[in-house]
Amino acid sequence: MTAAEVVTARRGGRVLERLGGLLPYAAALWCLAYGTLAVYWASGGAGFPLGVGDPRAEDMGSWLAAAEPGPTGLVIALGCAAGLVAALGGRSLQTRRIPRRAAAAVLLAAAAPLLLVVPDVRVLQSMAYGLQGYVGLVDWPVVNQLLCALGGALLAGTAASLLSGPRCPRCDRPHAAPGAAARWARIGRWATAVAVVAPLPYAVQRAVWVLGIPLGVDRRFIHDLLADLEAKALGPLVVYGLPLSAAAGALLTLGLSMRWGTVLPEWVPYLGGRRVPVAPAVVPAAVVTVAVITAGMAPYRQIVLDGLPVTGSGAPALLWLPWGIGLGLATLAYQRRRRETCSGR
């Protein structure tokens, strides 16, 4: 790394430290706002976006398809109150009022349902269509799922900052554990392989469907699918963009364990040879991880709880959960390898 890159990295690290210091306050603000909204729903207010207030919940495999505004709003409000107290009480080593591990446990407990229970397959669906410029499927329940995912990310990020381990008193960076980089590199390679292979069956199946080939389905399914795409007035770019997005995502995932994901190749115009910033690689991968895991849980819920059989059209979706887990581990391994650490003792 050149001297200029070292200076840039240090400046970037200071910026990230400042942003990290604001994270608990952002999480607390989200808890306050959403908790207030939950109290409003619990008291009979309009606009409850879950369960009985979500007409597509059952069809989309939502875990909360039977949720009622009264008890659900109360539970959400209590969870937000606990997250608010934990975020502010454990916010720093100097001023925390709650033990670090206890605050992190409460934050993770509050974040888990926001990330894994409230969202469903529509988050991934809306992201995929949104990349092609189509937002016709986004309604208030979907917006609410995105808001909950944001809140869960803020709470989980605050918990992660509390559990980051011992830090150097001089530079405030975490100490480098012996052999940690090599271990994370091995984990990252295996996780990346899973995250690359798992979405390919869906991409292939979706691609041949839009070509009119009934792979795993009958002709009637293809006819209905193409009619639905025509009714939505989706152009060829959107129709073919869905399988292409899955394939492109698999290609980008390779960067989490290959050199070009750390240093851009020399042939890249203007940017060749420069180091890839960590945040632009980690943040989108983390967002996709949450969307894929929540979508990947839906088919297992329908099989286990609803007793629905595995069909040819739904079989590739069984790989979404391994895909999301693999992508999450690959992203974590990339972040751990790339983060600045202190080698002093």
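Taking this note's numbering, the leading residue of the sequence shown gets 957, the next gets one more, and so forth.
For each residue, glycine too, the CB sits at the ideal point set by N, CA and C.
Small disclaimer: the values here were computed from a predicted structure and weren't measured.
Where residue i falls, given that 16 or more other Cβ within 10 Å makes a residue buried
i, result
"Met1253", "buried"
"Gly1228", "exposed"
"Val1246", "buried"
"Trp1223", "exposed"
"Asp1180", "exposed"
"Ala998", "buried"
"Tyr1226", "exposed"
"Trp1019", "buried"
"Arg1162", "buried"
"Leu993", "buried"
"Ala1023", "buried"
"Gly1135", "exposed"
"Pro1255", "buried"
"Ala1138", "exposed"
"Val1239", "exposed"
Top-ranked residue by Cα proximity to residue i, from the options
i, options, result
"Leu1118", "Val1077, Pro1069, Ala1068 and Ala1059", "Ala1059"
"Gly1034", "Cys987, Pro1011, Pro1055 and Ala1013", "The sequence as given places Leu at residue 1034; Gly does not occur at that position. With distances taken between Cα atoms, Leu1034 lies closest to Cys987."
"Thr1028", "Ala1159, Val1073 and Gly1228", "Val1073"
"Asp1015", "Ala994, Asp1262 and Pro1155", "Asp1262"
"Arg1294", "Pro1011, Gly1108 and Ser1213", "Ser1213"
"Val1248", "Ala983, Gly1000, Tyr996 and Ala1202", "Ala1202"
"Val915", "Arg1215, Leu1006 and Pro1011", "As shown, the chain starts at 957 and ends at 1301. That puts residue 915 outside it, with no answer to give."
"Ala1251", "Tyr981, Pro1025 and Gln1081", "Gln1081"
"Ala1066", "Gly1003, Leu1198, Val1041 and Gly1197", "Val1041"
"Ala1204", "Gln1291, Thr1218, Val1160 and Ala1137", "Val1160"
"Pro1011", "Val1219, Pro1097, Pro1221 and Ala1061", "Pro1097"
"His1198", "Arg1139, Ala1183 and Gly1089", "Reading off the sequence, residue 1198 comes out as Leu, not His. Out of Arg1139, Ala1183 and Gly1089, Gly1089 has the C-alpha closest to the C-alpha of Leu1198."
"Thr1218", "Leu1200, Val1195, Gln1291 and Gln1258", "Gln1291"
"Trp1279", "Trp1146, Arg1215 and Ala1163", "Trp1146"
"Ala1116", "Gly1135, Arg1056, Ala1154 and Leu1220", "Arg1056"
"Ile1281", "Ala1061, Tyr1158, Ile1143 and Glu1186", "Ile1143"
"Asn1100", "Ala989, Ile1054, Val1164 and Pro1221", "Ala989"
"Leu1200", "Leu1182, Tyr1158, Val1260 and Ala1183", "Tyr1158"
"Leu985", "Ala1061, Ile1178 and Gly1108", "Gly1108"
Contact test: residue i Cβ vs the ligand COA heavy atom, cutoff 7 Å
i, result
"Val1232", "This structure lacks the ligand COA, and indeed carries no ligand of any kind."
8 Å Cβ shell around residue i - same chain, five flanking residues per side excluded
i, result
"Gln1050", "Low local confidence applies: a pLDDT of 45 at Gln1050 is under 50, so the model's placement there is unreliable, with the coordinate-based value given in what follows. Same-chain partners within the cutoff: there are none."
"Ile1178", "Trp1165, Gly1168, Ile1169 and Pro1170"
"Leu1182", "Val1166 and Gly1168"
"Ala1068", "Gly1108"
Other residues of its chain near residue i: CB distance less than 7 Å, five sequence neighbours each side excluded
i, result
"Thr1209", "Thr1148, Ala1151, Val1152, Leu1283 and Ala1286"
"Leu1288", "none"
"Ala1021", "Gly1007, Ala1013 and Glu1014"
"Ala983", "Gly1039, Ala1043, Leu1110, Leu1111 and Thr1114"
"Leu979", "Leu1110, Gly1113, Thr1114 and Ser1117"
"Pro1221", "Gly1228"
"Arg1257", "Gly1017 and Trp1019"
"Val1164", "Leu1171"
"Ala1084", "Leu1198 and Ser1201"
"Tyr1196", "Val1166"
"Glu1186", "none"
Cutoff 6 Å; reference residue i; Cβ partners in own chain excluding five residues on either side
i, result
"Leu1106", "none"
"Phe1004", "Trp997 and Pro1025"
"Arg1078", "Met1016 and Val1098"
"Tyr981", "none"
"Ile1169", "none"
"Trp1140", "Ala1289, Arg1292 and Arg1293"
"Ala1154", "Leu1275, Pro1278 and Trp1279"
"Ile1259", "none"
"Val1244", "none"
"Val995", "Ala1033"
"Leu1264", "Gln1258"
Beta-carbon separation (whole angstroms), residue i vs residue j, contact threshold 8 Å
i, j, result
"Gly1017", "Asp1076", "6 Å"
"Gly1211", "Ala1237", "7 Å"
"Ala1206", "Leu1156", "6 Å"
"Ala1037", "Gly1000", "So it is not a contact: roughly 20 Å between Cβ atoms."
"Lys1188", "Gly1086", "About 14 Å; that fails the 8 Å criterion."
"Cys1104", "Leu1063", "Actually they are not in contact, since the Cβ atoms of Cys1104 and Leu1063 sit about 15 Å apart, beyond 8 Å."
Quick check: the stretch 1164-1179 against the stretch 1257-1273, are there 3 or more CB pairs under 8 Å? Result yes; three or more Cβ-Cβ pairs closer than 8 Å.
Would the stretch 1270-1289 and the stretch 1219-1235 be scored as touching if the rule is three or more Cβ pairs under 8 Å? No: fewer than three Cβ pairs fall under 8 Å.
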